[in-house]
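Down below is the structure, laid out as structure tokens.
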Amino acid sequence: MEWAVHLRNPGLAEHWDDLLADPLQFCELQLRDLQTSAAGLFQQAVRQDPPRRAYLGNEFCASLLPSLDALSSACLIMWRRQVEVTFLTPPVTDDGLDALRVLFTWLSRQGRHVEIVFNDWGTFELLHREFPSLHPVRGRLLNKAMRDPRVVPLYNSPNAPAGIRSSLQPAGLDTPFVRSIVNRYGLTVVEMDILPQIPDFDFRQLPFQVSCYFPFGFVTTGRHCMVSSLHVEGSQRFRPGTHCRFECREYMTTHIFSGSTLPTDGTRFYQRGNTFFYFPEERTLHNFLQYAEDKGVARLVYEPSLPM
Amino acid sequence: MLLANGAEELYCGLVPEEWVTRYTGAVWLNRRSPAGGNLRTFRDLARVIEQAHRVSVPVFITLNAQTYTAEQLPVVLDLARRYVQEAGADALIVSDPGLLLALAEENLTCDLHLSSVAASLNSSAIQFFRSMGIRRVILPRSLTLPEIARLASAAGPQMEMEVFILNDGCIFEEGNCLTTHHHSVGAFCTGLMKTNSHTVKLSGRPWRAGEAEAAERLLADFRRRIGILTNAACSDSGRATLPPGPCGLCAIPFFERIGIASLKIVGREASAMRKLLSLRLVRAVVARQRAGASEANVQDYAQSVRLAPSRCVPGEMCYYELGTNPVESSQLGCNSRATRWEQQKHNE
Chain A
66 MEWAVHLRNP GLAEHWDDLL ADPLQFCELQ LRDLQTSAAG LFQQAVRQDP PRRAYLGNEF
126 CASLLPSLDA LSSACLIMWR RQVEVTFLTP PVTDDGLDAL RVLFTWLSRQ GRHVEIVFND
186 WGTFELLHRE FPSLHPVRGR LLNKAMRDPR VVPLYNSPNA PAGIRSSLQP AGLDTPFVRS
246 IVNRYGLTVV EMDILPQIPD FDFRQLPFQV SCYFPFGFVT TGRHCMVSSL HVEGSQRFRP
306 GTHCRFECRE YMTTHIFSGS TLPTDGTRFY QRGNTFFYFP EERTLHNFLQ YAEDKGVARL
366 VYEPSLPM
Chain B
-4 MLLANGAEEL YCGLVPEEWV TRYTGAVWLN RRSPAGGNLR TFRDLARVIE QAHRVSVPVF
56 ITLNAQTYTA EQLPVVLDLA RRYVQEAGAD ALIVSDPGLL LALAEENLTC DLHLSSVAAS
116 LNSSAIQFFR SMGIRRVILP RSLTLPEIAR LASAAGPQME MEVFILNDGC IFEEGNCLTT
176 HHHSVGAFCT GLMKTNSHTV KLSGRPWRAG EAEAAERLLA DFRRRIGILT NAACSDSGRA
236 TLPPGPCGLC AIPFFERIGI ASLKIVGREA SAMRKLLSLR LVRAVVARQR AGASEANVQD
296 YAQSVRLAPS RCVPGEMCYY ELGTNPVESS QLGCNSRATR WEQQKHNE
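Chains as they are written, first to last, in my numbering: chain A, 66 to 373; chain B, -4 to 343.
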């Protein structure tokens, strides 16, 4: 099983060795308790075989698309270290597609095997049409498996109705459509989150490789970013396309859902920028790692901090 | 009732008993709860379609879950066949590309509409879905007017465009929200209005004077906006009135100018009264537009019939922003915003 590391900011490429040596330095101070276990598992796993793939970019927010200078600098640093690059892209409007086209043009001219994670069918169409030398990877936003930790542990329990469990189990992977596009377009890698429901099938039976993010998952995102409105007032707040000041890099809001009678009452979510994340329990992380190894997950993407 | 009051298209869903038996209320066949937001029998559906067709109004059926599993797909395909062949549906509203591919092989005698749940934000995505047989795209509400105009222009007249005009309330991108709306926990977004929440600074630097208060105000405003979008607060009294939802009525002249085919009124789970009043509201503004009123007049009229100037004037209920400069338009009243738009038109 391959490990990759996500650099949420291209500037972190210069700190690759530091990050591998001490990932906790790069996590949010406030999430250090949660991250300690994940960092330990990561370091233990890569001790003998250091990661050879870096994820650059962001899959949630078009405002976080890197400039060509920033992306190219980070790529060159990684390639000099013999580290392969996977570039993450978010859902975009036509303006975003224009920006991506510039980045893809540069990436496609480097004579490298570059993966592009698409989270929008328009980006996929663009890659297919104009950049056949780049290698598209279906991103986790296009994996539509329900992953709401407020209910999924209950829906996936042995006591839940069979129909509900069967709806969760394919984990957004073993669906007719995924098989169709893999056949039609030759996709080789499909991504997912660590879901609260661990699928009970063998990934090696799938006609593609599965890549999974570790340790965070996302539950929802969109173009109405709360924190980007910190510097505007009134009705201008929470508008799509607000010109932000990258407030997501400085602020995080934790939300605790309580008041239900379910055993999941008290579930926590972490909001950075336009996206809400969950953090699986430590036990789930351990189990998932074991499971991933046994069941043929091809790649884990370690995220030292929330990927914003 | 809706037909008698001028609806020019209808859309609805049908969740048969067998689906509920197998999947309960937790797994939705389409984007609305089986309880309250859907018809239950084919006889009901056939009756709706027959009445609508009598006055030449088409009926579209939702099959717009984000994804269907291998187990569900044959069931959904069978339903699709029955919607069209037995009941006479004119179009299916679909989100899952897997279902689209399967439907393409069915050669059903109906159109395929792409649900907003597919989150098609760019013209390249529309091109992707066009290759799967889509005839109409329902655009996500998170798109701005310039973005919609660019999409419409790129897609050309062969692709119909539909936009949200009233009552839709999700602050997230519905197609990228993998949470549940089930009543056992409630919708994630409305749940945020009462979570125990706190904001921290990730740098660890101390809060500057007023910074923590600003962050608190931001969270409070965010919750308030969710309340407005989810219909809880679109009235001057702070209580729900009819029809209470946020809207894009002032953009109707713009939509006509760029060739938008259809205006979507949301509310399948709403009461009959709310549906009726929502329809009448939109019809009234459309009638004003079709009568040849100026853009400014249509916008003034739209705001006057909303009966909520304290929320309408600053644009709190608006889906779409009309002004060319967002900061300035927030400081101007409704007439000024209309004037600004007229100015923009002259400049073009």
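For every residue, glycine included, the Cβ atom is placed at its ideal position computed from N, Cα and C.
*Do three or more CB pairs link the segment 101 to 113 of chain B to the segment 77 to 88 of chain B at distances below 8 Å?*
yes
*Just checking my contact of leucine -3 of chain B with leucine 274 of chain B at CB under 8 Å: how many whole Å lie between their CB atoms?*
6 Å
_Please report the straight-line C-alpha distance between histidine 176 of chain B and isoleucine 229 of chain A, rounded to a whole angstrom._
15 Å
_Sequence-distant residues of the same chain with beta carbon closer than 6 Å to serine 232 of chain B, five excluded per side_ = Reliability of the predicted coordinates at serine 232 of chain B is poor, the pLDDT of 44 falling under 50, and no value is obtained from them.
*asked:* Once DSSP output is grouped into helix, strand and coil, what is the label at methionine 156 of chain B?
replied: strand
*Could you tell me which of B/Ala265, B/Ile223, B/Pro92 and B/Leu5 sits nearest to alanine 120 of chain B, measuring between CA atoms?*
B/Pro92
*Show which residues of chain A have a CB atom less than 9 Å away from the CB atom of alanine 65 of chain B.*
Pro235, Asp239, Thr240, Pro241 and Arg244
_CB contact check: threonine 139 of chain B to chain A, cutoff 7 Å_ = yes
*What do you reckon, are the CB atoms on valine 132 of chain B and serine 118 of chain B nearer than 7 Å?*
no
*List the residues of chain B that glutamine 95 of chain A touches, going by C-beta distances under 8 Å, in chain order.*
Val195 and Leu197
_Please list the terminal residues of the continuous alpha helix (DSSP H) segment that includes glutamate 368 of chain A._
Neither: glutamate 368 of chain A is in no alpha helix (DSSP H) and is coded neither H nor E.
*Under the DSSP definition of a beta bridge, which residues are partnered with phenylalanine 341 of chain A?*
A/Thr285 and A/Gln336
*Does the segment 349 to 369 of chain A come close enough to the segment 262 to 282 of chain A that 3 or more CB-CB pairs lie under 8 Å?*
yes
_Proximity winner among A/Leu141, A/Arg304 and A/Leu192, relative to glutamate 316 of chain B (alpha-carbon distances)_ = A/Arg304
_Helix, strand or coil for methionine 211 of chain A? Go by DSSP, reduced to three states._
coil
*Tell me whether the beta-carbon of glycine 237 of chain A lies closer than 7 Å to the beta-carbon of lysine 209 of chain A.*
yes
*Reducing DSSP to helix, strand and coil, say where alanine 286 of chain B ends up.*
coil
*If we ignore side chains and look at the alpha-carbon of each, how far apart do asparagine 25 of chain B and glycine 31 of chain B end up?*
13 Å
_Rounded distance between the beta-carbons of leucine 199 of chain A and phenylalanine 242 of chain A, thought under 8 Å_ = Not a contact, Cβ separation roughly 22 Å.
*asked:* What does the alpha-carbon distance come out to for the pair arginine 145 of chain B and glycine 240 of chain B?
replied: 27 Å
*Determine, using beta-carbon pairs with one atom in the segment -1 to 17 of chain B and one in the segment 343 to 363 of chain A, whether at least three such pairs fall under 8 Å.*
no
_Rounded separation between histidine 341 of chain B and threonine 190 of chain B - CA only_ = Note that histidine 341 of chain B has pLDDT 30, beneath the 50 cutoff, so the model's placement of it is unreliable and no number is given.
*Would you call isoleucine 321 of chain A buried or exposed, if buried means 16 or more other Cβ atoms sit within 10 Å of its Cβ?*
exposed
_Taking the alpha helix (DSSP H) that isoleucine 229 of chain A belongs to, which residues open and close that run?_
227 to 233
*What is the rounded straight-line gap between the Cα of threonine 319 of chain A and the Cα of phenylalanine 167 of chain B?*
17 Å
*For valine 167 of chain A, name the three-state secondary structure that DSSP assigns.*
helix
*asked:* Counting only Cβ pairs nearer than 7 Å, list the residues of chain B close to threonine 170 of chain A.
replied: Residues of chain B passing the Cβ test: none, with the nearest at roughly 15 Å.
*Check whether the segment 133 to 146 of chain A touches the segment 75 to 83 of chain A, counting contact only when three or more Cβ pairs, one atom from each stretch, lie closer than 8 Å.*
yes
*Around the Cβ of methionine 268 of chain B, are there at least 16 other Cβ atoms within 10 angstroms (buried) or fewer (exposed)?*
exposed
_For methionine 317 of chain A, would you say it is in contact with chain B, using Cβ-to-Cβ distances shorter than 7 Å as the test?_
yes
_Just verifying my parser: in three-state terms, what is the DSSP assignment at isoleucine 255 of chain B?_
coil
*For my contact list, glutamine 284 of chain B and isoleucine 247 of chain B are in at a C-beta cut-off of 8 Å; report their separation, rounded to the angstrom.*
5 Å
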